[in-house]
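Everything in the sequence shown is counted per UniProt numbering, starting at 1 for the first residue and increasing by one.
Here a beta-carbon is modelled for each residue, glycine too, at the ideal position from N, C-alpha and C.
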Amino acid sequence: MAFPHLQQPSFLLASLKADSINKPFAQRCQDLVKVIEDFPAKELHSVFPWLVESIFGSLDGVLPGWSLRWLQGRVSPVEHSVAVEFLDPG
C-alpha cells in the first residue's frame, strides 16, 4: 500500500479500515508498521484510537480485536511470530 505523505488522516484511517478487512493478518501488520514509520505522530493522531481498539478489542466486547489471548506459537506459529514482532517495543 502506497501512502503519499500529504494524505488526510481521515483518508488514511478509511484505507486502514478497508485493508483490515481485506488483507491477511501478516500483510496488515506489515502495512501498519510502514504507516507508523512513515507518518509523523501528528498525522497518526486520529488513527491510534482505532488501531488500539482493532488490536485489543473494544471495552464493550463488540469488537474482538486480534484475539491475542488465543494466539499460540504451537498452534499458529506464523501468526504468533508476526504478532510478537509487531507488538515488540524494540
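When rounded, the separation of the alpha-carbon atoms in S81 and S10 is 30 angstroms. For R74, the secondary structure class from DSSP, reduced to helix, strand or coil, is coil.
Collapsing the DSSP output to three states places F39 in coil.
Per DSSP, reduced to three states, the secondary structure at K23 is coil, with no helix or strand assignment.
For the region 44-69, the full-length alpha helix (DSSP H) segments reaching 4 residues or more read 48-56 along the chain.
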